[in-house]
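**Q**
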Amino acid sequence: MLILTRKLGESIRIGDDIEVKIVAIAGDQIKLGITAPREVDVNRGEIYEAIQKENSRAVSGDLPEDILTAMKAMKKKKK
1 MLILTRKLGE SIRIGDDIEV KIVAIAGDQI KLGITAPREV DVNRGEIYEA
51 IQKENSRAVS GDLPEDILTA MKAMKKKKK
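Numbering (UniProt numbering), first residue to last: 1 to 79.
(1) With DSSP as the reference, please indicate the residues paired to Q29 in a beta bridge.
(2) Would you check if the region 19-32 and the region 44-56 touch, i.e. whether three or more CB-CB distances between them fall below 8 Å?
(3) Just to confirm the assignment, what range does the alpha helix (DSSP H) spanning R57 have?
(4) Using the C-alpha atoms, what's the distance from R57 back to A50?
(5) For a test of the three-state rule: what should DSSP assign to E10, helix, strand or coil?
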């Protein structure tokens, strides 16, 4: 992991197309401004992890219990 120190208003570049800029600092939080091409997905870490988890679950075919119960109930109603 590369660790850099930046001040308010400063930025870093990732390749030719991505810029990450410090736009605000308030207490223990910072606000980042990210300039990237539209085809580059930019997500918060926790959102990215949730997307990956949901994608894995969709591929594996695992469904939450409440959805399975609802599907079984619908199947019984059709009979």
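Glycine included, C-beta positions come from ideal geometry on N, C-alpha and C.
Keep in mind that this is a model prediction, so the values were computed, not measured.
**A** Checking against the coordinates, here is how it stands:
(1) A26
(2) no
(3) G45 to S60
(4) 10 Å
(5) coil
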